Amino acid sequence: MENMRMVAMVSLCVLWVLLVVLGTHAITITVKDEDLGNQEALHQLVEAKVDALGGVLPPMHKLHQLVEAKVETLGGANPPMHNLTSSCSCDKLLLSSLGPAAIFQPKVMGIYTKSWTSYNQHPSYRQNYGADYRLYQLPTSGWLVAYKRGANTGYVHNPDTSQTCPYLIQSGWLYYNSVHGVWYHDTTLVLRCIQKTEE
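If you're matching positions, the sequence shown starts at 20 in our numbering and goes up one per residue.
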């Protein structure tokens, strides 16, 4: 019953926002207990109230613009950008493989140190010893090890964009096989934290 009341409250809140956005004063809609869990009945009540007030709901893109305009006039603002780098407490990572990634991409294996600057508001890492590869997140395609930060092509990849810190990704790492020109999974390819930030 509590969930049904919550659905009704959400629907009523949406109606109130629509009415405020459209410049109409707040109204009250009475909902019977048996209609609380019925989305169709709730929508019909909302539509009936809007019709009774002589209103027409704007198209969704217009509604979005109206909400933004109303927020601005009420003194609202978008939240500040959050730098996700600070939430990753690991300074050094070890990229390693006991499988084919170590054979086809041996130069990218090794220790990566957290860079002083972030990339796409995520931490980025630089290989300490060796060919100076970079590990960073591309916004739409996940984590990538490449020859320079920001490159769209690379040698080791993980498509997981949900993790802020790459060392929290448990599986799914891929390596590029230059002989076949294809990305392959390597279940032994892992990225681990080997040195946490001292606090």
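Note that beta-carbon positions come from the ideal geometry of N, C-alpha and C, so glycine has one too.
Note that the structure is predicted; figures quoted are calculated from it, not measured.
- To which residues does DSSP link residue 149 through a beta bridge? Residue 149 is not bridged by DSSP to any residue.
- Extent of the continuous alpha helix (DSSP H) to which residue 122 belongs: Start and end: 119-123.
- Taking C-alpha atoms, which residue in 186, 183, 151 and 132 lies nearest to residue 173? Looking from the CA of residue 173, the closest CA among 186, 183, 151 and 132 belongs to 151.
- Of the choices 198, 200, 185 and 201, whose alpha-carbon is the least far from that of residue 107? Closest option to residue 107, Cα to Cα, is 185.
- Taking Cβ positions only, does residue 173 come closer than 9 Å to chain D? In the structure shown, chain D cannot be found, because there is only a single protein chain.
- Query: Which ranges would you report for the beta strand (DSSP E) in the region 160-205 if only whole runs of at least 3 residues count?
  - Reply: Runs of the beta strand (DSSP E) inside the region 160-205: 161-165, 175-177, 193-196 and 201-204.
- Message: Please state the DSSP three-state secondary structure of residue 115.
- Response: It is a strand residue.
- Range of the contiguous beta strand (DSSP E) that encloses residue 214: Its beta strand (DSSP E) spans residues 209-215.
- Task: Answer with buried or exposed for residue 29, where buried requires no fewer than 16 other C-beta atoms within 10 angstroms of its C-beta.
- Result: The pLDDT assigned to residue 29 is 40, lower than 50, so where the model puts this residue is not dependable; a value taken from the coordinates is nonetheless given after this. Classification for residue 29: exposed.
- Taking the Cβ atom as the reference point for each residue, do residue 207 and residue 114 lie within a distance shorter than 9 Å? Cβ distance not < 9 Å, so residue 207 and residue 114 don't count as in contact.
- Query: Among residues of its own chain, excluding the 5 on either side of residue 77, which ones have a beta-carbon nearer than 6 Å to its beta-carbon?
  - Reply: Low per-residue confidence applies at residue 77: pLDDT is 45, beneath 50, and the placement is therefore not dependable enough to give any value.
- Task: Please confirm whether residue 157 and residue 147 have their CB atoms less than 9 Å apart.
- Result: Result no, Cβ atoms of residue 157 and residue 147 do not sit closer than 9 Å.
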